[in-house]
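In the numbering used here, the protein residues as written are -10 to 322. Ideal Cβ placement from N, Cα and C applies to all residues, glycine included. Working notes for the structure below.
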């Protein structure tokens, strides 16, 4: 039987539990808002008039309704967890007065309020859409979900600095979030369509799959460039050039390196999809026998989505740690 001091050394502290809970909530929030924005944005730019998504293609309307509603629920949990973290108390010990102070008297709370308004507006418009062919409503849903996702930047490291440097970092953070959301949403939409094509494998549906995959190669290049560029700006400001060579000696640096490795693998898979697997599907459509080509694309996209989920988890963890530029590595080792 463990003695009291041994048991205390093994059991997680209240602070550790709150931090772990915050990481989980941040992961859920990032994933939810990125998918909400990314799927609607993909439906807005990838489809042409006659093909604009209905439930027969992808349930964009239903997805927007459920993701915006769950986004509100996760955001409510998020503001409670942030208040608990700042007060140093358990989640269930947070009172409404403390939450009210957090919402109305802190920048993080103001950003949260903007997010809630954007999510409610997105939910209301998506709920009233009869189908997903209404371009103005699709535009509003994409914009509303984009505002909700961008608001997350005000709760992270990007909002910590002041002046022109702080503004540049905040803008880069917003671009990074929107670019990552656009990429994740496109991957999710293309994967769902390829799996649905196994059940509705008409030639027209498969050709639509191919056209979307081929069309995304152009949009995907722009998205990757935005993610890369904004990521470099963020890394430069959060790490600092003086800390690059010692980055591997800190937990923050190790997580960042892991994120960069996973991102590089995603880029390699994206290149394979664009230059090998998508042309193979086109040849299969011309010559018959599409099962193998479609299957290879399904596997590749599932791996990409898994890597994206792992990266989101790392980002959620990184957001709870002090970056090297705030605590120089030379003093933290």
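Going straight from the alpha carbon of residue 143 to that of residue 97, what length do you get?
-> Translated into the one-based positions of the chain shown, residue 143 becomes position 154. Translated into the one-based positions of the chain shown, residue 97 becomes position 108. Rounded to whole angstroms, residue 143 to residue 97 spans 6 Å at the Cα level.
Three-state class that DSSP yields for residue 275 in the structure shown | Residue mapping note: residue 275 aligns to position 286 of the chain shown, counting from 1. Helix, per DSSP.
Using a Cβ-Cβ cut-off of 8 Å (strictly less than) and excluding sequence neighbours within five positions of residue 23, which residues of its own chain qualify?
-> Your numbering for residue 23 matches position 34 in the chain shown. Contacts found: 138, 166, 169, 170, 173, 174 and 301.
Extent of the continuous alpha helix (DSSP H) to which residue 230 belongs = Residue numbering aside, residue 230 sits at position 241 when the chain shown is read from its first letter. No alpha helix (DSSP H) holds residue 230; DSSP gives it neither H nor E.
Compare the Cα-Cα distances from residue 181 to each of 47, 89 and 314 and report the closest residue.
-> The residue you call residue 181 lines up with position 192 of the chain shown. The shortest Cα separation from residue 181 among 47, 89 and 314 belongs to 47.
Rounded separation between residue 75 and residue 64 - CA only | Taking the chain shown and counting its residues from 1, the one referred to as residue 75 is at position 86. Taking the chain shown and counting its residues from 1, the one referred to as residue 64 is at position 75. Whole-angstrom Cα-Cα distance: 16 Å.
Exposed or buried, which one is residue 293 when buried takes at least 16 other CB atoms within 10 Å?
-> Residue 293 sits at position 304 when you count from the first residue of the chain shown. Buried: at least 16 other Cβ atoms inside 10 Å.
For the candidate residues 29, 153 and 179, whose alpha-carbon lies nearest to that of residue 226?
-> For the purposes of this step, residue 226 is identified with residue 237 of the chain shown, where counting begins at 1. Nearest C-alpha to residue 226: 153.
Do the stretch 277 to 291 and the stretch 256 to 268 make contact, defined as three or more Cβ pairs closer than 8 Å?
-> yes
So residue 305 and residue 26 are in contact, right, with Cβ under 8 Å, and what is the actual spacing, rounded?
-> Here residue 305 refers to the residue found at position 316 when the chain shown is read from its first residue. Here residue 26 refers to the residue found at position 37 when the chain shown is read from its first residue. That belief does not hold up - the Cβ atoms of residue 305 and residue 26 are roughly 17 Å apart, past 8 Å.
Can you tell me the Cα-Cα spacing of residue 50 and residue 232, whole angstroms?
-> Within the chain shown, the letter at position 61 stands for residue 50. Within the chain shown, the letter at position 243 stands for residue 232. Taking the straight line from one Cα to the other gives about 46 Å.
Confirm, please, whether the CB-CB distance from residue 130 to residue 29 is below 9 Å.
-> Mapped onto the chain shown, residue 29 falls at position 40. Mapped onto the chain shown, residue 130 falls at position 141. Cβ distance < 9 Å, so residue 29 and residue 130 count as in contact.
Rounded to whole angstroms, how far is the Cβ of residue 73 from the Cβ of residue 80, which I believe are closer than 8 Å?
-> Within the chain shown, the letter at position 84 stands for residue 73. Within the chain shown, the letter at position 91 stands for residue 80. At roughly 5 Å, the Cβ-Cβ gap stays under 8 Å, so residue 73 and residue 80 are in contact.
Chain-order list of residues whose beta-carbon lies under 7 Å from that of residue 69 (same chain, five-residue window excluded) = Sequence index remark: in the chain shown, residue 69 carries index 80 (1-based). Closer than 7 Å at Cβ, skipping near neighbours: 80, 83 and 88.
Taking residue 250 and residue 236 to be in contact with their CB atoms under 8 Å, please state how far apart those CB atoms are, rounded to whole angstroms.
-> Position 261 of the chain shown, counted from the start, is the residue given in the question as residue 250. Position 247 of the chain shown, counted from the start, is the residue given in the question as residue 236. 13 Å between Cβ atoms; not a contact.
CA-CA distance, residue 102 and residue 200?
-> Reading the chain shown from its first residue, position 113 is the one you call residue 102. Reading the chain shown from its first residue, position 211 is the one you call residue 200. Straight-line Cα distance between these residues: approximately 39 Å.
Contact under 9 Å by Cβ, residue 134 with residue 159 | Indexing the chain shown from 1 puts residue 134 at position 145. Indexing the chain shown from 1 puts residue 159 at position 170. No, Cβ-Cβ distance for residue 134 and residue 159 is not below 9 Å.
Return the chain-ordered ranges of every alpha helix (DSSP H) run that is complete within the stretch 191 to 265 and spans a minimum of 4 residues.
-> 192 to 228 and 240 to 261
Top-ranked residue by Cα proximity to residue 299, from 5, 19 and 185 | Counted from its first residue, the chain shown places residue 299 at position 310. Closest by alpha carbon: 19.
Residue closest to residue 206, alpha-carbon to alpha-carbon, out of 303, 86, 268 and 164 | Locating residue 206 in the chain shown gives position 217, where the first residue counts as 1. The option with the nearest alpha carbon to residue 206 is 268.
Chain-order list of residues whose beta-carbon lies under 7 Å from that of residue 92 (same chain, five-residue window excluded) | Stepping through the chain shown from its first residue, residue 92 is reached at position 103. Correct list, in chain order: 68, 98, 101 and 102.
Residue 9 (DSSP reduced to helix, strand or coil) | As a working mapping, residue 9 is identified with position 20 in the chain shown. In the structure shown, residue 9 sits in a helix (DSSP, three-state: H, G or I).
For residue 79, does the three-state DSSP call read helix, strand or coil?
-> Sequence index remark: in the chain shown, residue 79 carries index 90 (1-based). The answer is coil: DSSP assigns residue 79 none of H, G, I, E or B.
Take residue 242 as the anchor and find which of 296, 308, 198 and 132 has the nearest alpha-carbon.
-> Here residue 242 refers to the residue found at position 253 of the chain shown. If we check each option's Cα against that of residue 242, 308 comes out closest.
Please list the segments of the alpha helix (DSSP H) lying wholly inside the stretch 137 to 178, counting only runs of 4 or more residues, in order along the chain.
-> none
Do residue 314 and residue 228 come within 9 Å of each other at the CB atom, strictly closer than that value?
-> The residue given as residue 228 occupies position 239 in the chain shown. The residue given as residue 314 occupies position 325 in the chain shown. In this structure, residue 314 lies closer than 9 Å to residue 228 by Cβ.
Separation of residue 192 from residue 303, as counted between CA atoms | The residue given as residue 303 occupies position 314 in the chain shown. The residue given as residue 192 occupies position 203 in the chain shown. Between residue 303 and residue 192, the C-alpha separation is close to 40 Å.
To which residues of the same chain is residue 215 closer than 7 Å at the C-beta, ignoring the five residues directly before and after it?
-> Indexing the chain shown from 1 puts residue 215 at position 226. These residues qualify, in order along the chain: 164 and 168.
Straight-line gap, residue 218 to residue 295 (C-alpha atoms, nearest Å) = Sequence index remark: in the chain shown, residue 218 carries index 229 (1-based). Sequence index remark: in the chain shown, residue 295 carries index 306 (1-based). So the alpha carbons of these two residues sit roughly 23 Å apart.
Nearest-angstrom Cα separation, counted from residue 183 out to residue 95 = As a working note, residue 95 is residue 106 in the chain shown. As a working note, residue 183 is residue 194 in the chain shown. Whole-angstrom Cα-Cα distance: 45 Å.
Among the residues of its own chain, which have a CB less than 6 Å from the CB of residue 270, if the five just before and after it don't count?
-> Counting from 1 along the chain shown, the entry for residue 270 is found at position 281. Excluding positions up to five away in sequence, the list reads 199 and 282.
is_contact[residue 172, chain D] using C-beta, thresh 9 Å = Included in the structure is just one protein chain, with no chain D present.
Neighbourhood of residue 224 by C-beta distance below 8 Å, restricted to the same chain and skipping five residues each side = Taking the chain shown and counting its residues from 1, one reaches residue 224 at position 235. 245, listed in sequence order.
Thinking C-alpha only, which one of 128, 266, 297 and 275 is nearest residue 35?
-> Your numbering for residue 35 matches position 46 in the chain shown. Closest by alpha carbon: 128.
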